[in-house]
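Contents: one structure, followed by commentary.
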Amino acid sequence: MLMNTPVAQPFNKALPSTKSSSSFTAAPRRSISFLQRCKAITEHERYITEVAFVSGTPEINPLISVLQAQGQTAVAPSDRSGLHPFLVPLTEASNGGPLTCLLRWPEGHKGMELPIVRMSRGDGTMELLARSSAEYLHRALAEEDFLQNSSSSTTSVVAAAAGEAGAAVYEPGAVKRSGLPTLEAYLARKACLSPAICETLALAHLKKGDTMSGLITAEWYMRQGNFPDWGRPYEFACGLLAEHGRPEESRDMARIALRTPWWSLKNGYEVMKTAAGMDQIAQGADATRAALEEQDEMANGGALQGKFRTNPKSDKQKRMDEMMHLLNKAAAGEVSWDGIRKDVARELDAAGLDTVARFVELN
């Protein structure tokens with residue numbers, strides 16, 4: 109049975125807007141000179157450390173080089189219009205497609221401190237591509253190497269773009285030498301955990317008629333710590349359980365998914381609300397929140413003189429809850445991402461996260 113438990117000091121002067129910079133035009137990649145690409149990369153690195161207040165030295169330069177080698181075009185890190193307030197855009201797919209971005213959490217998420225995500229402007233959800241820049245590089249290099257070994261291709265544009273950073277995480281031929289049966293098995297075991305990879309592994313079992321192994325893989329996918337505060341694993345399990353005649357477990361999994369950030373789902377809030385059996389009792393984000401809180405109160409033994417109640421929330425946690433609810437409302441389409449920036453920043457500031465608040469408010 110599947111488990112039912114979910115899971116620098118500030119830079120005083122922000123960088124000037126780079127929206128008009130010629131380094132970030134929407135021109136095809138072939139029209140951007142080498143010097144322009146280098147300037148774009150430097151701009152991202154400065155923005156991430158001095159405006160987004162990200163400590164440490166994430167591998168941004170080789171990441172952007174690899175994304176460009178994969179056919180994407182660099183965009184200004186300050187061009188965040190229509191995007192989730194925690195995102196720093198890096199590159200954009202051709203013809204105004206989705207953007208690849210860094211997700212800057214307000215506070216640390218062990219093992220997923222600065223994940224790589226994909227989002228289209230104005231969308232309510234985003235896709236998690238990799239838990240870190242290093243994992244994305246490893247995945248891209250392994251995929252290119254695997255393609256070369258399974259076809260006549262000799263192109264190594266990703267490896268060339270990744271440079272020394274790529275050589276530090278992947279050695280050519282590693283996929284073949286691993287002896288693992290599939291590329292996805294190698295990626296999950298050695299390189300990069302992502303929702304798409306985990307789901308491919310689970311669905312491969314189901315395709316072979318091995319339902320139990322498929323459900324066990326889905327349970328492994330949901331393990332707390334693999335993807336902290338990410339709803340897609342529970343959403344995926346909800347669908348599998350429904351397809352295999354386990355409606356009550358599917359409903360419970362949907363209710364767990366609704367307790368994660370709605371913008372981390374794939375199919376969105378409305379689909380999960382229906383799967384959770386809450387259409388009649390929860391019309392809108394506010395009502396859904398109230399219904400979930402009532403369920404939590406009942407589960408915590410609210411009628412038993414408080415014996416099993418959880419400890420009262422701190423003022424900081426209350427502010428963070430309000431901030432997350434604002435983001436959920438935007439994910440549900442009730443407000444826009446740009447329209448809630450100031451309110452989200454206000455809650456973060458009240459929670460004592462003033463540097464993150466300043467970053468969020470910028471647009």
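For the sequence shown, the numbering used here gives the first residue as 109, with consecutive numbering after it. We treat Cβ as the ideally placed atom computed from N, Cα and C, and that holds for glycine. A quick note: this is a predicted structure, and the numbers were derived from the prediction, not measured.
Between the alpha carbons of Gln403 and Leu222 lies a gap of roughly 32 Å. CA-CA distance, Ile156 to Glu430, rounds to 26 Å. Fully contained in the segment 372 to 446 is no beta strand (DSSP E) run of length 3 or more.
Among the bridge pairs identified by DSSP, Arg226 is matched with Thr208, Glu235. By the neighbour-count criterion, in which a residue is buried when 16 or more other Cβ atoms sit within 10 angstroms of its Cβ, Ser258 is exposed.
In the three-state reduction of the DSSP assignment, Leu198 falls in the strand class, which pools E and B.
Within a 10 Å sphere around the beta-carbon of Asp187 sit 16 or more other beta-carbons, which makes this residue buried. Straight across, the Cα-Cα distance linking Lys315 with Pro355 is about 21 Å. Sequence-distant partners of Leu301 (beyond 5 residues in either direction) whose C-beta falls short of 7 Å from its own C-beta, in its chain, are Arg239, Asn334.
For Ala459, the three-state secondary structure derived from DSSP is coil.
The shortest C-alpha to C-alpha distance from Arg367 to any of Ala458, Ala459, Met432 is the one to Met432. Under the three-pair Cβ rule at 8 Å, the segment 316 to 327 does not count as touching the segment 281 to 299.
With at least 16 other beta carbons inside 10 angstroms of its own, Asn436 counts as buried. Here DSSP, grouped into helix, strand and coil, assigns Ala160 to coil. A straight line joining the alpha-carbon of Met361 with that of Thr233 spans about 19 Å.
One alpha carbon belongs to Asn203, the other to Gln178, and they sit about 15 Å apart. Spanning the alpha carbons of Ala248 and Ile305 requires a straight line of approximately 13 Å.
Remark: C-beta atoms of Pro170 and Glu279 do not approach each other more closely than 9 Å. Residue pairing for Thr181: DSSP places it in a beta bridge opposite Glu200. Here Ala393 really is in contact with Ala440; their C-beta atoms are around 5 Å apart, less than 8 Å. The three-state secondary structure of Arg340, taken from DSSP, is helix. Per DSSP, Pro280 lies in no alpha helix (DSSP H) and is assigned neither H nor E. Residue state for Gly287 is assigned as coil, using DSSP reduced to three classes. Within the same chain, Ala465 come within 7 Å of Asp457 by CB-CB distance, once the 5 residues on both sides are set aside. Along the segment 307 to 356, the beta strand (DSSP E) does not occur as any fully enclosed run of 3 or more residues. Boundaries of the alpha helix (DSSP H) around Ala250: 241 to 258. Rounded to the nearest whole angstrom, the C-alpha separation of Ala407 and Trp370 is 22 Å. Short of 6 Å from the beta carbon of Gln425, and not among the five residues preceding or following it, lies no beta carbon of its own chain. Linking Met220 to Gly164 through their CA atoms gives a straight-line distance of about 14 Å.
Excluding its 5 nearest sequence neighbours in each direction, Arg397 has C-beta neighbours in its own chain below 8 Å: His433, Asn436, listed in chain order. Taking 9 Å as the cut-off, the beta carbon of Val196 is found closer than this to the beta carbon of Pro185. Ranked by how close their Cα comes to the Cα of Gly347, the residues Arg229, Ala310, Asp337, Val225 have Ala310 in first place.
Pairing Ser321 with Ala350, the inter-Cα distance amounts to about 16 Å. Between Glu343 and Lys374, the CB-CB gap stays under 9 Å.
Residue state for His152 is assigned as helix, using DSSP reduced to three classes.
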